[in-house]
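Numbering-wise, my numbering comes out as the position in the sequence shown, counting from 1, plus 48.
Before any comments, here is the structure.
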Amino acid sequence: MRAARIVVASLIGFATVATVATVVWVEPAAFSLASRITPPQTRIEMLGMLALPDEATDGANAAVQLTGLSGITWLGDDAWAAVMDNSNRLITFSLALAADGSPLAVKNLRAVTLTATHDYEDLAPCPPDLEKRIARRLMRRGLPDPGPCLLVCEEDTPAIRGVALRDGSLVGMVPLPAILQSHRPNRSLESLSVDPDGLAIWTANEEALPNDGPPPTETTGTVVRLASIPIPTDGEPHGNGPAAAERQVAYPVDSPHTFLRVINGAPFSGVVALVALGQGRLLVMERSGTHGLPPFENRIYLVDTAKAQDVSTIQRDLSLRPEIHVAKRLLWKDSLGCNLEGLALGPPLHDGAQSMVAIADNGGLGTPTQLVTFRLQHEPPHAKPSQKAGPR
Numbered sequence: 049m050r051a052a053r054i055v056v057a058s059l060i061g062f063a064t065v066a067t068v069a070t071v072v073w074v075e076p077a078a079f080s081l082a083s084r085i086t087p088p089q090t091r092i093e094m095l096g097m098l099a100l101p102d103e104a105t106d107g108a109n110a111a112v113q114l115t116g117l118s119g120i121t122w123l124g125d126d127a128w129a130a131v132m133d134n135s136n137r138l139i140t141f142s143l144a145l146a147a148d149g150s151p152l153a154v155k156n157l158r159a160v161t162l163t164a165t166h167d168y169e170d171l172a173p174c175p176p177d178l179e180k181r182i183a184r185r186l187m188r189r190g191l192p193d194p195g196p197c198l199l200v201c202e203e204d205t206p207a208i209r210g211v212a213l214r215d216g217s218l219v220g221m222v223p224l225p226a227i228l229q230s231h232r233p234n235r236s237l238e239s240l241s242v243d244p245d246g247l248a249i250w251t252a253n254e255e256a257l258p259n260d261g262p263p264p265t266e267t268t269g270t271v272v273r274l275a276s277i278p279i280p281t282d283g284e285p286h287g288n289g290p291a292a293a294e295r296q297v298a299y300p301v302d303s304p305h306t307f308l309r310v311i312n313g314a315p316f317s318g319v320v321a322l323v324a325l326g327q328g329r330l331l332v333m334e335r336s337g338t339h340g341l342p343p344f345e346n347r348i349y350l351v352d353t354a355k356a357q358d359v360s361t362i363q364r365d366l367s368l369r370p371e372i373h374v375a376k377r378l379l380w381k382d383s384l385g386c387n388l389e390g391l392a393l394g395p396p397l398h399d400g401a402q403s404m405v406a407i408a409d410n411g412g413l414g415t416p417t418q419l420v421t422f423r424l425q426h427e428p429p430h431a432k433p434s435q436k437a438g439p440r
């Protein structure tokens with residue numbers, strides 16, 4: 049997200065102060081709805097932070113500077129991938145975690161060059177059924193099987209695209225709901241996640257669509273659409289059950305956090321990451337930014353979209369309909385002095401909890417890119433993911 053770079057650039061000299069600044073936080077009105085959802089055992093604990101190296105190596109053994117990493121996903125075992133915004137790059141790397149999920153070390157960084165440049169914001173492993181469909185379609189054209197693929201979302205078109213991990217070729221697009229094509233500049237698709245059963249993709253616009261309501265102000269939030277998009281199938285049955293139905297849910301984003309103004313500028317607040325837990329349950333990571341201290345705040349909420357109204361047939365004014373906004377429960381919030389933009393589930397931990405990793409966009413300023421690890425305790429509606437497969 050380009051706007052974040054302006055904020056960080058103006059406050060880079062205050063980074064240390066921002067990390068320890070006290071935040072005065074007022075519960076949003078939507079938080080009072082939390083009693084309608086969420087089992088009490090769902091909770092998040094932050095475990096630690098780790099800086100990524102400054103460079104990765106591409107296929108020609110050339111050094112690639114790591115900057116603007118905006119999304120992250122787990123590929124299985126200790127393998128991860130992250131995508132760079134406003135570029136034609138993604139990276140893969142190995143992340144070693146302690147038994148409790150604390151980050152230990154990053155190694156084996158490899159840069160993959162994509163065949164087109166976009167404002168890529170998030171990524172997720174391609175579900176097996178969709179991966180097979182892509183391979184069949186390309187092989188019918190006389191092209192080779194692309195092998196393992198990722199899904200990436202970008203907010204300049206906007207679009208969700210398939211990418212071959214082997215060579216970076218773009219191998220197709222997932223059809224988007226038409227209403228998501230209308231968006232505010234640089235405030236479109238920032239998040240991407242795949243349901244554990246592989247039947248649907250989740251995404252969201254960062255801030256309200258023009259027809260749905262206003263952008264956030266210093267004292268008000270914004271309303272976005274959490275969209276569940278069925279995996280395309282070519283008319284063949286899914287391996288994991290019947291095809292999912294398209295749904296959209298109205299989600300109220302908090303107003304920007306309380307801050308001490310340093311320079312003039314409008315604050316912002318929106319949805320930057322989603323983690324699908326199954327059966328309509330999502331973790332939603334919000335990020336607000338200001339031209340003050342602290343510069344950023346992140347919040348992770350739990351929502352149950354299965355209990356919310358489908359708004360896919362409502363074409364406007366979602367901000368004026370609070371009675372249909374999905375309820376949400378706050379699990380974690382903090383101002384760490386960095387701009388967290390990506391979040392993904394990782395391998396199970398020794399005690400049965402789930403690891404989770406966030407990534408911070410350094411805004412292209414040459415400051416370290418941070419990884420932040422969490423422990424997620426919840427009751428998954430599906431079987432726990434194995435160490436060999438990590439869709440998010």
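For every residue, glycine included, the Cβ atom is placed at its ideal position computed from N, Cα and C.
This one's a predicted model, so the numbers in the text were calculated from it and none came from an experiment.
Here P173 is near L123, since their CB atoms are less than 8 Å apart. Around R364, the same chain offers N259, D260 as residues with beta carbons nearer than 7 Å, after the five sequence neighbours per side are excluded. Classified as exposed, Q113 has fewer than 16 neighbouring CB atoms from the shown chains inside 10 Å of its CB. The alpha-carbon of G328 is positioned some 6 Å away from that of D352. Cβ neighbours of P262 within its own chain (closer than 8 Å, five residues either side excluded): A256, T268, T270, S367. In the DSSP annotation of this structure, E179 is not part of any beta strand (DSSP E); the continuous alpha helix (DSSP H) holding it starts and ends at 176-188. Here DSSP, grouped into helix, strand and coil, assigns L228 to helix. Between E238 and D148, the C-beta spacing is not below 8 Å.
Setting aside the 5 residues that flank it on each side, R232 is surrounded in the same chain by E255, P258, P263, each with a C-beta closer than 7 Å to its C-beta; the list follows chain order. Under the three-state reduction of DSSP output, T251 falls in the strand class. Note on geometry: alpha-carbon atoms of V219 and G210 lie some 5 Å from one another. Spatial neighbours of Y299 in its own chain (CB-CB distance under 6 Å, excluding positions within 5 residues in sequence) are listed in chain order as V272, L274, V374.
Note: K376 is bridge-paired with V351 in the DSSP secondary-structure output. Taking a C-beta distance under 8 Å as the contact criterion, R137 and A159 qualify as a contact pair. Between G116 and M132, the C-beta spacing is below 8 Å.
In the assembly as shown, Q402 is a buried residue. Its beta-carbon has 16 or more other beta-carbons within 10 Å.
Secondary structure of P151 (DSSP, three-state): strand. As DSSP reads the structure, T205 sits in no beta bridge.
With distances taken between CA atoms, A321 lies nearest to S118 out of L419, S118, M97. With fewer than 16 other Cβ atoms inside 10 Å of its own Cβ, H398 counts as exposed. V154 is positioned such that its CB atom lies no closer than 8 Å to that of L198.
Comparing alpha-carbon positions, the option among L378, A226, V359, I227 lying closest to I92 turns out to be L378.
Measuring C-alpha to C-alpha distances from W128 to each of A392, E427, P396 identifies A392 as the nearest.
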